[in-house]
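Residue numbering for the sequence shown follows the working numbering, beginning at 84 and increasing consecutively. Positions of the beta carbon are idealized from the N, C-alpha and C atoms, including for glycine. This structure is a prediction, so every number in the text was calculated from the model and none was measured. Structure first, then comments.
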Amino acid sequence: MKKICVAVFVLLSLAVVVGAEVVRPVEMVCHYMQWFDFRLENGLPRRFHWKWNGKTKSHNPDRFDSNRTRDIYSVLYPRIGVYDSTDPAVIDYHILAAKSCGISAFVVDYYSEFDERFTQLLGRAVELNFKAGICYEEKTCWPDWVNNRAGIRSREDAMALAVREFRALRKSFDHPAYWRRNGRPVVMVFGHVYTRPKGWGEAGGEWRFTTEEWRRILHDSGCEDVELVLQQLRGIEAGFNTFLWRHGEEFAPQADALAAAGKLGFYIGTIGPGFDDRGVNGWDQGSRVDPNLGDEQIRKDFAIVDAGRCDTVQVVTWNDFAEGTCVEPTFQYGNLYLELLGEWFGRRNGREYEYGRTQLPYRWYVLAKRFGTEAAEPIRQALKEGDFRQAATRIDVLCRERGYRIPAMIGRDCEFPIYSVTTREAAESVPKVPKEKFLLVLLGGQSNMAGRGKVEAEDRMPDPRILMLTRTGCWIPASDPVHFDFPSAGVGPARSFARKLADANPDCVIGLIPAAVGNSSIRQFVPGVRHPQSGGYPYDDLVARAKRAMRDGTLCAILWHQGESSLGSEADAKAYRIELENFLKQLRRELRVPEVPFLVGEVRYREGCEENRILNQGLRDFAGAAPKRGFISAEGLALFDGIHFDRNSQRILGERYFEAFRIAVSTPAPPQAVNLLPVPELTAGPDGKSVQGWRIVHNTKRRTILTTQPDGSLEIRPESGSGKSVTSLYSQVLKLPARQELTGSIWVKGGSVVRLYATSVNWKPVPLWQDKSSVAGMIDRNGSGWEQHTFRFTAPGEEFPVYFRFDIDSDGPVLVAEPTLTPVRSEGEL
84 MKKICVAVFV LLSLAVVVGA EVVRPVEMVC HYMQWFDFRL ENGLPRRFHW
134 KWNGKTKSHN PDRFDSNRTR DIYSVLYPRI GVYDSTDPAV IDYHILAAKS
184 CGISAFVVDY YSEFDERFTQ LLGRAVELNF KAGICYEEKT CWPDWVNNRA
234 GIRSREDAMA LAVREFRALR KSFDHPAYWR RNGRPVVMVF GHVYTRPKGW
284 GEAGGEWRFT TEEWRRILHD SGCEDVELVL QQLRGIEAGF NTFLWRHGEE
334 FAPQADALAA AGKLGFYIGT IGPGFDDRGV NGWDQGSRVD PNLGDEQIRK
384 DFAIVDAGRC DTVQVVTWND FAEGTCVEPT FQYGNLYLEL LGEWFGRRNG
434 REYEYGRTQL PYRWYVLAKR FGTEAAEPIR QALKEGDFRQ AATRIDVLCR
484 ERGYRIPAMI GRDCEFPIYS VTTREAAESV PKVPKEKFLL VLLGGQSNMA
534 GRGKVEAEDR MPDPRILMLT RTGCWIPASD PVHFDFPSAG VGPARSFARK
584 LADANPDCVI GLIPAAVGNS SIRQFVPGVR HPQSGGYPYD DLVARAKRAM
634 RDGTLCAILW HQGESSLGSE ADAKAYRIEL ENFLKQLRRE LRVPEVPFLV
684 GEVRYREGCE ENRILNQGLR DFAGAAPKRG FISAEGLALF DGIHFDRNSQ
734 RILGERYFEA FRIAVSTPAP PQAVNLLPVP ELTAGPDGKS VQGWRIVHNT
784 KRRTILTTQP DGSLEIRPES GSGKSVTSLY SQVLKLPARQ ELTGSIWVKG
834 GSVVRLYATS VNWKPVPLWQ DKSSVAGMID RNGSGWEQHT FRFTAPGEEF
884 PVYFRFDIDS DGPVLVAEPT LTPVRSEGEL
């Protein structure tokens, strides 16, 4: 077979004399991870890789820790805050920051599932005069990768998979931004661990491709021009190249000797700050920390590389946060590593390094996020061309024009809105009916709502009138199982309910929103609480999925079946009703659905079980305590395992839910108080300094930035600096009837002092004030942090024009929502 890479590179690199020192130029590339998810995709949160649900440690980036940073799975925290690898601004920032210290290419830790991301990176790289290559993860070709999801049964199967993936990569190898050496695309290979699998025999060998097998893979995939760089010295042959992930002082002399003997093409040296995986406790195997962690280790690596004869080095890594090997700027180290790399690279290549220039890409990123990419584009262009002085000048000009001071780092107090995308698949899946004709049904609770009934062939037949929301936020024709909480999901009550609803509304489409979680308790349907068996966050996921669906349709019913997890004691059974009340209050507020029917199902019967009786009585009392609620009896329904309703019972249960729904919607609700405010919503203007329909007054020198959040609340965030800020928001003028008694309120989240006023047009106090600023009693928001601030007053004897006004006094960000001003009804008034 034809040899690949037959030329041997003798690495007596061209020397450069700097003073009395002779140095050899090097190319510096950097290992790069593209697997970070922190975005709203189709309205649903994606948190892959920042979140960790291990056996010994867990981290949830939706929570903040005592340092006011998100709880991520690393001892390091990115300077720009938690980010998404598909965000174009993040990619540009990474490229520009890498370029500023001399890095010329990112070598992506490549998995085929992230191929679209690599294509995106190539597109950004070609625009910014940068390169990108891959480090192929060979382990994905072998049976022990993700429970052998590729179905590998032999070495030939493993090679065939590699051939398919390299063939698909051909388009990337030909891209103008792909990393090349002497005109040939370079592919580094992370070799698999040395194992001799049981049952494969001696001929099976180790689960790692030999050099001969790599030749066949390159030949069969049409990639013979590729420069392959293997992660090994053992068994290396002429025509192949090598690198080590972490090498000691012995690696460079060995590689130099092999190259001089014609047994090695070239090798890539390694530089990095060391290893620290305490954030994941060594992937639950015990933490590992390099003894020389930090700048001591990176300086040691400089010396090792300087002593060898390699002409290419790989920085390990840009952003492997889990294992703590990052040179990307962080809270802990700032830009230290980039400055060290820039200084060393300049010395090795005979160039003068200008200290501080690695700070500029971060400043561009903050300004682009704060004021938009168009406003910051001249800065990006200067950084692209390497004109750092011009970039610094343009940054200063933009900051002065906007009166903005760039924060040193992006923590909770100055985060930007979460990156949001909608996939074409999701956009195209929305039914072509008016929003009010797409009736949504939210399904919550535990396994009897998710369904565990046996799925028959007819259950898999979709009804064109009924859709369901997938895990990824797309609408598809509904079939059982509707839920995906566990592999055991089966027939539940959802589809039989939906069929009845569709029959009653023939001109509508029904959308099912699965959000029940088997073996969950009401105490896990609380913001930020994790469900250990599924690894999810039941309340947060339910709300996120409901909000995603409500972008396309109208929520008409909430079906709830839960309680089995509260039968451990009489105390738990008695507490369930109160906990369910608190859950519903929180849910109605978050979704803004005060009148959507909430229907609760009776849990299983257990003869002689007092806890069972108490809980079911509590569910009946709950349903009868307020309008727009319903109770669904489980009488006569069969359990196939003592806990779960069987298939036929689930279908009957769904029909019973519909009867309760029909009664709930036909019962008139008491009249609701009308909000008198002309503009009840608080929506930030495009300039970030105004609120549409409201007048804003800053009462201190420290001004605030106003941003509308995805949940509709308004964030009031003080600009950088010290001291408190006081922001006053004034409604439009109101002319109140004589002696009208009113109540006002505002929901607030965050540390602040809130003062609420009704202020006369001539700034005179309003008479008969009562409770100018208070927190409403008996409000339990399940730890969400929201508080309702209220006041009450009575207008004087004549028509009285006033402003509704509230002041926010805070030294950090505050969320506000739902300002109301409503008349108090007289006794006997409906």
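Endpoints, the beta strand (DSSP E) within which residue i is located
i, result
"residue 594", "592-597"
"residue 789", "787-791"
"residue 324", "324-326"
"residue 899", "897-906"
Whole-Å CB distance - residue i paired with residue j, under 8 Å assumed
i, j, result
"residue 241", "residue 224", "4 Å"
"residue 649", "residue 656", "6 Å"
"residue 397", "residue 351", "5 Å"
"residue 918", "residue 733", "It is not possible to answer for residue 918, since the shown part of the chain is limited to 84 through 913."
"residue 523", "residue 633", "7 Å"
"residue 534", "residue 574", "5 Å"
"residue 272", "residue 219", "5 Å"
"residue 727", "residue 531", "6 Å"
"residue 335", "residue 393", "7 Å"
"residue 184", "residue 407", "In fact, because the Cβ distance is near 19 Å, the residues do not count as touching under 8 Å."
"residue 496", "residue 206", "Not quite, the Cβ-Cβ distance comes to about 34 Å (not below 8 Å), so this is no contact."
"residue 837", "residue 889", "6 Å"
"residue 787", "residue 781", "7 Å"
Test: residue i CB closer than 7 Å to a CB of chain B
i, result
"residue 178", "Included in the structure is just one protein chain, with no chain B present."
Opening and closing residue of the alpha helix (DSSP H) in which residue i lies
i, result
"residue 740", "730-749"
"residue 337", "334-343"
"residue 659", "653-674"
"residue 642", "Careful: residue 642 lies outside any alpha helix (DSSP H), inside the beta strand (DSSP E) at 637-644."
"residue 532", "530-533"
"residue 512", "507-512"
"residue 76", "There is simply no residue 76 to check, as the chain begins at 84 and stops at 913 in what is shown."
"residue 776", "No alpha helix (DSSP H) contains residue 776, which DSSP labels as neither H nor E."
"residue 580", "577-587"
"residue 242", "238-256"
Residues sharing a beta bridge with residue i, DSSP
i, result
"residue 555", "In DSSP, residue 555 forms no bridge with anything."
"residue 563", "Its beta-bridge partners do not exist; DSSP assigns none."
"residue 353", "397"
"residue 214", "188"
"residue 271", "218, 312"
"residue 111", "186, 396"
"residue 870", "831"
"residue 302", "BP columns for residue 302 are empty, so no partner."
"residue 135", "142"
"residue 781", "810"
"residue 124", "127, 504"
"residue 365", "In DSSP, residue 365 forms no bridge with anything."
"residue 372", "359"
Margin query: Taking 8 Å as the cut-off, does the segment 154-162 touch the segment 409-424 (at least 3 CB pairs, one atom from each stretch)?
Written below: yes
Notebook entry, point to check: Three or more C-beta pairs closer than 8 Å, one from the segment 658-674 and one from the segment 544-552: is that the case here?
Noted result: no
Next item on the list: Answer yes if the segment 468-478 comes into contact with the segment 441-459, meaning at least three C-beta pairs across the two stretches below 8 Å, and no otherwise.
Entry: yes
Item checked: Three or more C-beta pairs below 8 Å linking the segment 115-127 and the segment 501-508 -> yes
Next item on the list: Determine, using beta-carbon pairs with one atom in the segment 708-715 and one in the segment 739-748, whether at least three such pairs fall under 8 Å.
Entry: yes
Check: If we count Cβ pairs, one from each stretch, closer than 8 Å, do we get three or more for the segment 481-494 versus the segment 553-568?
Finding: no
Margin query: Suppose only complete runs of 3+ residues qualify. What are the beta strand (DSSP E) ranges in the segment 795-840, listed by chain order?
Written below: 797-801, 808-813, 817-819, 824-832
Margin query: Check whether the segment 196-212 and the segment 226-234 touch, using three or more Cβ-Cβ pairs below 8 Å as the test.
Written below: no
Next item on the list: Return the chain-ordered ranges of every alpha helix (DSSP H) run that is complete within the segment 675-716 and spans a minimum of 4 residues.
Entry: 693-707
Next item on the list: Evaluate the contact criterion for the segment 635-642 versus the segment 614-623: three or more CB pairs, one atom per stretch, below 8 Å.
Entry: no
Notebook entry, point to check: So, do the segment 430-445 and the segment 507-517 have three or more beta carbon pairs nearer to each other than 8 Å?
Noted result: no
Note to self: To test your reading of the DSSP string, which unbroken beta strand (DSSP E) runs of 3 or more residues are found completely within the segment 388-452?
What the structure shows: 395-398
Note to self: What ranges does the beta strand (DSSP E) occupy inside the segment 454-518, keeping only unbroken runs of at least 3 residues that lie completely in it?
What the structure shows: 502-504
Note to self: Using a Cβ distance threshold of 8 Å, determine whether the segment 385-396 contacts the segment 355-370, with at least three qualifying pairs required.
What the structure shows: no
Next item on the list: Evaluate the contact criterion for the segment 461-472 versus the segment 136-151: three or more CB pairs, one atom per stretch, below 8 Å.
Entry: no
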